[in-house]
Amino acid sequence: MFKLCLVLILLIAIDASPVQSGSLSCSGNISASDVDRVHFALNLEFTEAEFFLKGATGKGLDEFNATLAKGGPPPVGAKKANLDPITKRIIEEFGYQEIGHLRAITDMTGGIPRPLINLTRENFAVFMDRAVGRRSNPRFDPYANSLNYLLASYYIPYVGLTGYVGAIPYLVYFNIKRLVAGLLGVESGQDAVIRTLLYERQNETVEEYGGVTVAELTNEISNLRNELGMCGIKDEGLCVPLWLGAENRTTSNILSANPYSLSYDRTAQEILRIMYGTGDEHRPGGFWPCGANGRIARMFLDEGCYGDCVCSDDN
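Numbering (the working numbering), first residue to last: 857 to 1171.
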């Protein structure tokens, strides 16, 4: 399906036991190789790259480096956002960083085809509406302004961050560990910047949801991801009850972390449930309507169950 770098052929041969799809799991201890785990992360890296690049520059990954997509379909619905100069500069840098991430993983492991990615306005609105519990009016549009774009960005990079944290304990090989540590460092930084920019505007109301503030909406988005992930609290908004704050001494929550102020972790199954929006790693939808790519993701899909997966561009 894809050609691996020569340096990793032996690694794959040694560490390529079948992935166990099993039932609902909150454990990352599935039978999968280091390369399988990094390939799974490419799904999120592709999603971030397309969203950031298109949002800031109006151009997608294929216009910067088409070979990285490995023949995968272009995303649907992404477009240039109406960003203020500072936000545009930051998001543009994030987009270029994501190209670097894709290059790093592909150069080491051979990569996988880009999945079909749904970045339509309507898809984001569905997730936001579900988080708040009511339909947005006017319809939520992530590309309309900087605040909406940052709120939409709040949904995706943090999921990748928790995925890297979850994968590291199960990695075997030094080169892969070093790669993932480097990826995690930058993904964490991106999430921190997004959360800080939103924290500065925490008391502003989001027009599409009436009196809901930015802080309240981030809490609702985090609650939705916890609900879809089905493995407890691994996600927190910008303001939390004192018992969830750092050392139980603050209600501000610029960085989401556990009671020891360590990053939360998520499994591949949890990430699929969240990004599909279905709460079921076997049932695609949401951002990856045809399912995520790579050996881990595909082992959770029954043959033919994702055949009707076309999403339309509503913009």
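Cβ atoms here follow ideal geometry from the backbone N, Cα and C, with glycine treated the same way.
Of the residues the options, the one placed nearest residue i, counting alpha carbons only
i: residue 899; options: 949, 1150, 1157 and 1155; result: 1150
i: residue 1130; options: 1057, 1077 and 950; result: 1077
i: residue 1012; options: 1107, 883, 1044 and 960; result: 1044
i: residue 1144; options: 970, 946, 963 and 925; result: 970
i: residue 988; options: 962, 1081 and 973; result: 1081
i: residue 1094; options: 1118, 1137, 1123 and 1053; result: 1053
i: residue 926; options: 936, 912, 961 and 938; result: 961
i: residue 902; options: 894, 1058 and 954; result: 954
i: residue 1039; options: 995, 958, 1137 and 1124; result: 958
i: residue 992; options: 1033, 1063 and 932; result: 1063
i: residue 882; options: 944, 1108, 1124 and 934; result: 1124
i: residue 1004; options: 924, 950, 1099 and 1057; result: 1057
i: residue 909; options: 1072, 1104 and 950; result: 950
i: residue 1147; options: 972, 986 and 942; result: 972
i: residue 912; options: 932, 942, 1100 and 1097; result: 942
i: residue 956; options: 1007, 1033 and 906; result: 906
i: residue 1154; options: 1115, 1015 and 896; result: 896
i: residue 1178; options: 1065, 1001, 946 and 1096; result: Only positions 857 to 1171 of the chain appear in this structure, which leaves residue 1178 out of reach.
i: residue 932; options: 946, 938 and 977; result: 977
Residue environment, residue i, which counts as buried when at least 16 other CB atoms sit within 10 Å
i: residue 1037; result: exposed
i: residue 990; result: exposed
i: residue 968; result: buried
i: residue 998; result: buried
i: residue 864; result: The predicted model places residue 864 with a pLDDT of 34, which falls under 50 and marks its position as unreliable, so this point remains unresolved.
i: residue 1140; result: buried
i: residue 884; result: buried
i: residue 1028; result: exposed
i: residue 1121; result: buried
i: residue 1059; result: exposed
i: residue 1158; result: exposed
i: residue 1006; result: buried
i: residue 1047; result: buried
i: residue 1072; result: buried
i: residue 1074; result: buried
i: residue 1067; result: exposed
i: residue 888; result: buried
Rounded distance between the beta-carbons of residue j and residue i, thought under 8 Å
i: residue 930; j: residue 916; result: 6 Å
i: residue 1031; j: residue 964; result: 7 Å
i: residue 1126; j: residue 1087; result: 6 Å
i: residue 1092; j: residue 1112; result: 4 Å
i: residue 1050; j: residue 1108; result: Not confirmed; about 16 Å, so no contact.
i: residue 1017; j: residue 1119; result: 7 Å
i: residue 1135; j: residue 1142; result: Not a contact, Cβ separation roughly 10 Å.
i: residue 1035; j: residue 891; result: Their Cβ separation, rounded to whole angstroms, is 11 Å, which puts residue 1035 and residue 891 out of contact at 8 Å.
Opposing strand residues paired with residue i [DSSP bridges]
i: residue 1095; result: 1108
i: residue 974; result: 932
i: residue 1067; result: DSSP lists no partner for residue 1067.
i: residue 1135; result: None; residue 1135 has no bridge partner.
i: residue 1141; result: 1144
i: residue 1061; result: 1069
CB contact check: residue i to chain D, cutoff 8 Å
i: residue 1038; result: This model lacks chain D altogether, as it is built from one protein chain only.
Worksheet item: Which runs of the beta strand (DSSP E), 3 residues or longer, sit entirely within the stretch 874-919?
Response: none
Item to complete: Within the stretch 971-1020, note down every full alpha helix (DSSP H) run reaching 4 residues or more, in order along the chain.
Response: Segments of the alpha helix (DSSP H) lying fully in the stretch 971-1020: 977-988 and 1002-1011.
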